[in-house]
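Notes to accompany the following structure.
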Amino acid sequence: MSVYLRRNRRGERRWPIRTGRSDRPVVQPPSVALRVVLVGAIAVGLIGVIVFRLWFLQILSAQQYVSQANDNRLRTVAVLAPRGTILDRSGAVMVDNRPGLAVGIRPMDVPSGQLRPLVIRLSALLRMKPAEIRREIVHQVGVPWNQVRQGLGLQYDFVTVKQDTDRRIVSYLLEHTLAYPGVEVRQNYLRDYPLGELGAHFLGQLGEISAKELTEPQFRGYTAGDVVGQSGVEYTYDKWLRGSDGSVRVEVDASGRPKKVVAGGTLPQAGDNLQLSIDTRVQRATENAVNYGINLAHANNELRADGGAAVVLDAHTGEVIAMASEPSFQPSWFVGGLSAKHWKKLNVKTTPLLDRTTQGQYALGSTFKVVDSIAGLENGVITASTTYDCTGAYTPPHTLDKAVWHCWIYPGAHGSLDLTQAIVQSCDVYFYNVGYDFYSQKGEGLEDWAKRLGMGHPTGIDLPGEVAGLVPTPEWKNAAYTRKTDPKGWRIDRLWKPGDSINLAIGQGNLEATPMQAAVTYAALANGGYLVTPHVGVRVVDSQGKLVRRLPFKQPRSLGISASTIATVQNALHEAATTPAGTSYPVFGHYPVAVAGKTGTAQVAGQGDYAWYCSYAPANDPQYVVVVMIQQGGHGGVSAAPAARMIYDSLFHVSGGQVTGAVHSD
């Protein structure tokens with residue numbers, strides 16, 4: 030049963046009308062007051078919830094939301110620290126900094142779905158491939174590209190796309206900011222080379238840190254995108270040169286554009302300066318000398334001469350006064366990223382990026398004969414008065430192999446020679462006999478002395494990438510030749526034969542050494558028998574020149590060579606440069622400073638002869654060691670010795686002019 034109100038003619042409700050069953054009571058509807066109370070209670074409850082929520086947000090969680098708001102309003106921008114300069118031994122600047130403009134992207138500021146077209150537009154403006162920009166973003170942010178496009182896992186990271194940007198491009202970007210959302214221009218510091226390509230190999234270059242480098246102990250604490258030294262002293266001394274970046278807090282508007290700088294940043298700390306042992310004046314003369322040696326080789330019909338190297342050492346400390354490798358390159362090519370044009374110039378057969386002083390391995394030829402002499406005298410294989418007769422050819426006794434070994438003077442002959450004259454005239458036959466005598470002893474006396482004198486292992490120079498070279502031994506040969514035949518079917522003999530020792534005695538065969546190793550060997554002879562550790566770095570100083578750290582290096586180590594042995598070989602090297610019979614007499618016979626040195630002509634299969642000159646001066650009070658190698662340059666006395674003389678001119682301030690060297694020499 031239901032009840033409703035009957036209305037009168039005026040529409041007023043008067044009395045209820047019963048419908049339905051009559052045995053049930055009539056239900057009265059709630060009064061207006063009650064309904065108002067219910068609605069009011071609900072409203073009060075809702076208002077209470079809102080008030081509580083506001084109280085929770087504004088009181089309890091206020092600090093949290095203030096921080097989040099500041100994160101959106103205030104942004105931290107890194108301020109790059111200028112890298113320390115690199116100085117020569119007198120304090121002259123070799124590498125400095127210049128201001129530059131870097132263009133980058135903050136991926137989180139790019140509107141959703143706009144990153145891909147933005148990259149395409151930006152690549153066209155910067156003349157880069159879109160893939161290059163994508164690679165940089167993925168590498169520096171550390172998130173796969175698909176996630177970057179979706180904005181996943183991104184922080185407020187600035188991804189450097191191009192380090193050295195033309196100001197016209199920067200101006201265009203600043204005028205069209207709305208078309209490049211998330212793109213920013215930042216001031217940075219770029220390397221500057223006031224001396225051009227001088228010292229390019231040992232100075233080194235900078236580059237973005239690689240994933241592998243991030244795992245190395247030297248780069249602990251670095252992050253993706255950091256620019257670090259990749260070669261040379263830039264790599265070795267990166268932690269002192271790089272400094273500490275600072276930061277500024279910038280207030281931005283709703284579009285992410287900076288409005289003003291606010292408090293809360295930190296100042297950048299510039300890197301310390303690195304002082305080298307290099308003498309800029311001697312370095313320039315050394316590089317010119319190597320090129321002169323190459324030109325001399327060409328003038329003597331050695332047209333394949335295509336490179337060379339030279340080292341100048343302090344004979345007593347191992348400080349590198351100069352080191353040159355030719356061909357070279359402009360280190361400025363690497364600033365801001367290597368272009369395809371410059372990469373093409375570097376990726377050629379002559380390998381200009383190779384530092385031939387520490388990374389090139391070559392046969393030493395007759396310059397190795399000083400090692401024979403020291404080893405022979407110290408092991409009792411020969412004495413200073415031991416003589417052998419040179420007929421221009423040599424056949425090993427008591428062997429089935431009757432191969433004939435010729436002297437460099439063949440078809441002439443040197444006649445009967447003692448050790449001194451064998452060095453002076455560079456008689457191969459004499460040292461063939463010495464090599465065979467070492468073989469007959471069934472030991473490794475010659476090989477051991479070669480290693481003691483600095484060959485067959487890195488010298489320890491403070492430059493990355495140094496190679497070890499090779500001093501062949503019976504054990505090495507047995508392990509190296511593992512196949513019975515070579516690809517052409519020729520049998521490869523793994524046994525150490527007399528010919529191996531004979532080849533080694535004249536610096537040929539499998540022997541390989543770097544010019545730096547040769548310089549260390551001759552330094553030991555010059556300083557009385559001490560092995561030095563070559564080094565380029567000397568000290569770290571601050572911007573005011575105050576000493577921060579003196580770089581430690583191993584002290585020269587005595588090799589235990591007897592004084593009589595040292596005196597015998599030193600005297601022979603002096604005569605080789607100053608007496609008419611000497612192979613470098615045409616170059617140094619009348620030089621105002623007494624030089625002691627040895628020529629060398631190393632034969633290399635399929636190539637021209639490599640020209641060497643290893644020396645030190647003054648002969649009676651050695652100060653400097655000078656080693657020159659001209660790649661495929663012919664005889665050492667023809668192209669390498671004249672180049673060495675140019676270096677001595679610079680060291681001793683001699684204005685003797687260029688010489689052409691011997692007409693025919695070892």
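For my numbering, count along the sequence shown from 1 and bump the result up by 29.
For glycine and all other residues, C-beta sits at the position ideal for the given N, C-alpha and C.
Computed from a prediction, not measured in an experiment: that's the story for all the values here.
Asked	Found
Pull up the distance between the alpha-carbon of I411 and that of G405, whole angstroms please.	5 Å
Which of the three DSSP states is assigned to G405 in this structure?	helix
Give the DSSP-derived three-state secondary structure of V32 in the structure shown.	Confidence at V32 is low in this model, with a pLDDT of 49, below 50, so its placement is unreliable and the value that follows should be read with caution. Here V32 sits in strand by DSSP.
When you compare the CB positions of R156 and S679, do they come within less than 8 Å of one another, or not?	no
For H564, name the three-state secondary structure that DSSP assigns.	strand
Put V688 into one of helix, strand or coil per three-state DSSP.	coil
Have a look at the DSSP bridge pairing and note the partners of N723.	Only positions 30 to 695 of the chain appear in this structure, which leaves residue 723 out of reach.
Considering only the beta carbon of each residue, do V654 and L393 sit closer than 8 Å?	no
Any chance you could list the alpha helix (DSSP H) runs of at least 4 consecutive residues sitting entirely within the region 207-260, in chain order?	229-232, 240-243
Could you pull the start and end residues of the beta strand (DSSP E) that Y645 belongs to?	639-646
At the level of alpha carbons, what is the spacing between Y507 and L540?	The identity of residue 507 in the sequence shown is Asn, whereas the question assumes Tyr. Approximately 15 Å, taken between the alpha carbons.
By how many angstroms is the C-alpha of V212 removed from the C-alpha of S152?	12 Å
Which runs of the beta strand (DSSP E) at least 3 residues long sit entirely within the region 280-348? Give them in chain order.	287-295, 302-305, 336-343
Rounded to whole angstroms, what's the CA-CA distance from D221 to A299? Just pull it up for me.	16 Å
Are the CB atoms of L23 and A601 nearer to each other than 8 Å?	Past the boundaries of the shown model lies residue 23; the chain is included only from 30 to 695, so the question cannot be answered.
Please classify L576 as buried or exposed, where buried requires at least 16 neighbouring CB atoms within 10 angstroms.	exposed
Are L232 and V214 close, meaning C-beta to C-beta below 8 Å?	no
In whole angstroms, what separates the C-alpha of V399 from that of T252?	50 Å
Go to M716, then tell me how far its beta strand (DSSP E) extends in each direction, as first and last residue.	Look at the range of the chain in this structure, 30 to 695, and you will see that residue 716 is not part of it.
Can you list, in chain order, the stretches of the beta strand (DSSP E) that have 3 or more residues and sit fully within the region 511-577?	566-570
Here's the rule: buried if 16 or more other CB atoms are within 10 angstroms of the residue's CB, otherwise exposed. What is R249?	exposed
How far does the beta strand (DSSP E) with G444 in it extend, from its first residue to its last?	444-446
Are G113 and D255 close, meaning C-beta to C-beta below 8 Å?	no
Quick one: Cα of H693 to Cα of D477, how far?	33 Å
What are the boundary residues of the beta strand (DSSP E) that includes I134?	122-134
Thinking just about the alpha-carbon of each residue, which of S469, I149, F187, R512 is nearest to the one in R135?	F187
Going by the CB atoms, is the gap between I238 and V257 shorter than 8 Å?	yes
Using a Cβ distance threshold of 8 Å, determine whether the region 409-429 contacts the region 524-536, with at least three qualifying pairs required.	yes
My understanding is that S445 touches D418, with C-beta atoms under 8 Å, so please give their C-beta distance in whole angstroms.	5 Å
Residues in the same chain with beta-carbon distance under 6 Å from G365, minus the five sequence neighbours each way, listed in chain order, please.	Q192, D193
Might you give, ordered along the chain, the residues of its own chain that have their beta carbon closer than 8 Å to the beta carbon of K268, omitting 5 neighbours on each side?	Q247
Could you check where the alpha helix (DSSP H) with D418 kicks off and where it finishes?	Counting along the chain, D418 falls outside any alpha helix (DSSP H), though it belongs to the beta strand (DSSP E) covering 417-419.
Beta-carbon of Q584 versus every beta-carbon of chain C: anything under 8 Å?	Looking at the structure shown, chain C is missing, and only one protein chain is on hand.
Is R271 helix, strand or coil by DSSP?	coil
Using CA atoms only, rank isn't needed, just tell me which of M675, P671, V683, L524 is closest to L325.	P671
Cβ atoms of Q636 and Q661: under 8 Å apart, would you say?	yes
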